[in-house]
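See below for the structure under consideration.
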Amino acid sequence: MRQRLQGAMLAVGLLILVSCTTIPKPASTGLLAGLTITVDAGHGHTRKTDHGRVGPSGEREEWVNLRIARELQKLLRQNGAKVIMTREKDEDVNLAARASIAISNQSDFLISIHHNGSFNDTTLDFPLAYIWGDAAQNPASVDLGRAILNRVDQKLKFQSGDGSGVYSDFLIYNEGTSILRNTNPILPGVIGEMGFFTNAAGEARMKDRQANHLEAQAYLQGLIDYAARGIPKAIPLKPVGSDFLRPDSPEIIFQLEDGQGGHAFDSGSIAVLVDGDTVPHEWDRVTGRLVATPPRCAHETVEVRVYGRNENGNALHPRRWDFLTMIGKENDWHGPWYVAIQRADSLRVLLNPADRDFAVKLDSTILWFERVLKAQSINPRGAEAEYRLGQLYEMRADWLKDDLAKEKALDHFNRVIAFYPTSKFVQPAKDEKVVLEEVF
Ligand SMILES: [Zn+2]
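Residues 11 to 450 in the working numbering are what the sequence shown lists, from first letter to last.
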């Protein structure tokens, strides 16, 4: 009996030992599993330089930010997320670096942890989430901010909680905050400002470690609530890799995933913007294919964004995709200058304004002369290329009523004189006029 009791006690002791030393295993099946989340603790190491971000009893915002960021890091890891920290101690990390940490680690979300201050009105104490710019253009960040604030409102008490909400960062800076502006083209993100340290009760809450823990939990729960509605994604299928928008098949194709294993989207919410304009699209809810047809475009790249909400109401983050056009692809040319000038010359002598596709041929000729200069700016026939470009742009101005081309022509003629002072090509060759007359 005695022996058996001892054995039982030993077993209990072992159990305690095991539970004390085992680090909680990350959940591999939770809603946050597989996500990469950058947690940014605002500011850092500014004690000597920044006397503003400090509460009435001396608690510094950057200390509170770091405590909550580390707490959140722990909670997110326990829930299976990969966490990237922009700082883990009281150090100064510049704003551009914080954004590039989030982007280079291919983060799914950015959570920037801050606390607010108002020396004008120390009665203010409410939580808010900043998103970058215009809410309509940034719907996923609004969704995320709202989800987090719902939990913050539940878990913490504020002195003027009615102000709680999502706000644009354009309200505080003309171009918004650096970290949101720089991450927004790639990933959704919010800056949380959970209460005011300039309010005495607000500062007391921020100093309270239990309240810090509740705040971190609110971020975690908000992220889980958000993820539970499915995190929709638009995956480009065409063009991909080194491919480009071909004039004969200019469609842009995305695969839309609703984040819940299907393609359930609110079809009325889907829009494809090319260089800021909505273009026609076709949406197949069975396959999840979204096919957009942009108009012909004279730029080297087009900027594409996809909008849409899954059937649970979560919005796609309209990240920016830059696709190469055929013009861009051609400009990608890395051949030698003398090959380019040969090609340019042969195109030039065939130019005829009577041709139906004169404009296309003219632009193509211009392109090849520009390549001569791009491939090697110092080359024996550089002045000639500049002079020809002047002529061709003049032609464009005259025949296609293009005023901008007139300026470009003048620019090239001026460059011939200014940059090639001894070039024989400053004076055109004697037969120049004859050649041009033959062409037309
Ligand atoms: Zn701050």
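A virtual CB, placed ideally from N, CA and C, is assigned to each residue, including glycine.
For residue 94, the uninterrupted beta strand (DSSP E) run begins and ends at 92 to 95, by DSSP.
Here residue 309 has 285, 335, 337, 338 as same chain residues with Cβ atoms under 8 Å from its own Cβ, once five neighbours each way along the sequence are excluded. The beta carbons of residue 357 and residue 378 sit closer together than 8 Å.
Counting the other CB atoms within 10 Å of its CB gives residue 176 a total of 16 or more, which places it among the buried residues. With a threshold of 16 other beta carbon atoms within 10 Å, residue 409 falls short and is exposed. Rounded to the nearest whole angstrom, the CA to CA distance from residue 412 to residue 402 is 12 Å.
According to the DSSP assignment, residue 223 belongs to the alpha helix (DSSP H) that extends over 219 to 238. Within 7 Å of the C-beta of residue 61 there is not a single heavy atom belonging to ligand 1. Here residue 157 really is in contact with residue 235; their C-beta atoms are around 5 Å apart, less than 8 Å. Note that the C-beta distance between residue 79 and residue 123 is below 8 Å. If the five residues before and after residue 238 are omitted, its C-beta is found closer than 6 Å to the C-beta atoms of 41, all from its own chain and listed in chain order. Ranking 421, 109, 431 by CA distance to the CA of residue 119 puts 109 first. Beyond the five residues adjoining it in sequence on each side, residue 292 comes within less than 7 Å, by CB distance, of 301 in the same chain, given in chain order.
In its chain, beyond the 5 residues on either side, 379, 382, 383 have a beta carbon closer than 6 Å to the beta carbon of residue 395. Minimum Cα-Cα distance from residue 324 among the listed residues 241, 404, 307, 306 corresponds to 241. Sequence-distant Cβ neighbours of residue 370 in its own chain, meaning closer than 6 Å and more than five residues away, do not exist here.
Residue environment for residue 81: buried (at least 16 other C-beta atoms within 10 angstroms of its C-beta). Beta-bridge partners of residue 319 (DSSP): 276, 325. Ligand 1 approaches residue 71 closely enough that one of its heavy atoms is under 7 Å from the residue's Cβ. Taking residue 245 as reference, the option from 95, 298, 361, 373 with the minimal CA-CA separation is 298. With 16 or more neighbouring CB atoms inside 10 Å of its own CB, residue 140 falls in the buried class.
Annotation for residue 202 indicates a beta carbon at 7 Å or more from all heavy atoms of ligand 1. The three-state secondary structure of residue 386, taken from DSSP, is coil.
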